[in-house]
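Taken in order, the sequence shown gives residues 8 to 261; the numbers are from the numbering used here. Idealized CB from N, CA, C, for every residue including glycine.
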Amino acid sequence: MNFSPELQAALDAATNAAQIARSLYQHNIEVRIKADKSPVTEADVRCENAIREVLEARFPSYGFFGEETGSRGMDAEYLWLVDPIDGTKAFVREYPMFSTQIALMHRGQIVLGVSSAPVYGELAYAERGRGAYLNGKALAVSQISKLESAALSSGNLKTLAGSDRWSRYGALVARVGRIRGYGDFLHYHLLSAGKIDAVIESDVNILDIAACVAIVREAGGRFTELGGAPITLASTTVLASNGHLHAPVLAALG
8 MNFSPELQAA
18 LDAATNAAQI
28 ARSLYQHNIE
38 VRIKADKSPV
48 TEADVRCENA
58 IREVLEARFP
68 SYGFFGEETG
78 SRGMDAEYLW
88 LVDPIDGTKA
98 FVREYPMFST
108 QIALMHRGQI
118 VLGVSSAPVY
128 GELAYAERGR
138 GAYLNGKALA
148 VSQISKLESA
158 ALSSGNLKTL
168 AGSDRWSRYG
178 ALVARVGRIR
188 GYGDFLHYHL
198 LSAGKIDAVI
208 ESDVNILDIA
218 ACVAIVREAG
228 GRFTELGGAP
238 ITLASTTVLA
248 SNGHLHAPVL
258 AALG
């Protein structure tokens, strides 16, 4: 795959962030609690600064929306979406289920994504119309079309658990062939590789998922909000699937 300048920049930025994350992982660094009660560490801030330096140097006219260092040019034609350490709690508790997420949005549409999990050892990336890749290998979703044969992964379900959909989710769990909670970047990588078939989440933000939107779609899958609406900057829920299972899961959840 020949990378566009934007995808190359995102990959280079992710590489720089990976070096920082590896250097600080398992080093008992200080944790602060932000106003939204989520944790932030030196790794989050340093990684985002390193990413921002690369992206803004190469594309100064593009907007930037970061988890830690704020936003600039949110109404720009092109907008970078960056979560430097998606899974800070995992990083703090010293297990490798964290990643760097970098995506690019063009006029409201996500056009590329990089999902880098440096300690876990996976780098996934995709660009619209050019396919999706994991560690250099092309990705493709599964062809499973029956819920009874499907593997479903879920994560971040607090809001769903408090809603009237919870009982329908329970009925769906009883129907599918296998249920797991891989969470964070991993279940989107597995979905894109055809190793699981659908993902449900009810408590995310766009910076958590934007890169994986590009990857899942370019692998042949479908990625919407939990009710089937398109993904936007305001999205907080996810139904991602191999495409074949999207309508059955939407119907089951009601």
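| Item | Value |
| --- | --- |
| Cβ neighbour criterion (16 or more within 10 Å) applied to Gly-136 | exposed |
| Per DSSP, the bridge partner or partners of Phe-230 | Ala-247 |
| Val-206 versus Ile-27 - alpha carbon distance | 30 Å |
| Where the beta strand (DSSP E) containing Glu-134 begins and where it ends | 129 to 134 |
| Selected residue, minimal CA-CA separation from Met-104, among Val-126, Tyr-69, Ser-156 | Val-126 |
| Nearest residue (CA-CA) to Ala-17, options Ser-170, Gly-77, Asp-90, Pro-46 | Asp-90 |
| CB-CB length for Glu-60 against Thr-48, believed under 8 Å | Not a contact, Cβ separation roughly 19 Å. |
| Proximal residues to Leu-14 (C-beta, below 7 Å), its chain only, five neighbours per side dropped | Leu-119, Tyr-132, Glu-134 |
| Residue of Asp-210, Glu-101, Val-148 minimising C-alpha distance to Asn-163 | Asp-210 |
| Opening and closing residue of the beta strand (DSSP E) in which Val-162 lies | According to the sequence provided, residue 162 is Gly. The question's Val does not apply to it. Residues 158 to 162. |
| Collapsed DSSP secondary structure at Tyr-195 in the structure displayed | helix |
| Residue ranges of each alpha helix (DSSP H) within the segment 60 to 140, 4 or longer | 95 to 99 |
| Residue burial classification, Asn-142 (beta-carbon count within 10 angstroms, cutoff 16) | exposed |
| From Pro-12, Ile-92, Gly-261, residue whose alpha carbon lies closest to that of Ala-178 | Gly-261 |
| Whole-angstrom distance between Asp-171 and Ala-336, CA atom to CA atom | Since the first and last residues shown for the chain are 8 and 261, residue 336 lies out of range. |
| DSSP-derived helix/strand/coil call for Arg-172 | coil |
| Best match in Thr-22, Ser-156, Ala-124, Leu-130 for proximity to Lys-144 [C-alpha to C-alpha] | Leu-130 |
| From Asp-204, Leu-240, Ser-199, residue whose alpha carbon lies closest to that of Asp-215 | Leu-240 |
| Touching by the beta-carbon criterion (3+ pairs, under 8 Å), the segment 148 to 167 and the segment 179 to 187 | yes |
| Beta-carbon proximity list for Pro-255, same chain, < 7 Å, skipping 5 on both sides | Leu-154 |
| Delimiting residues of the beta strand (DSSP E) encompassing Pro-255 | No beta strand (DSSP E) holds Pro-255; the alpha helix (DSSP H) holding it covers 253 to 260. |
| Val-99 versus Tyr-85, Met-112, Pro-46, Val-223, residue with shortest Cα-Cα distance | Pro-46 |
| Start and end residues, beta strand (DSSP E) containing Val-206 | 205 to 208 |
| Under 8 Å between C-beta atoms of Leu-88 and Ala-217 | yes |
| Beta-bridge partners of Lys-144, as assigned by DSSP | Leu-141 |
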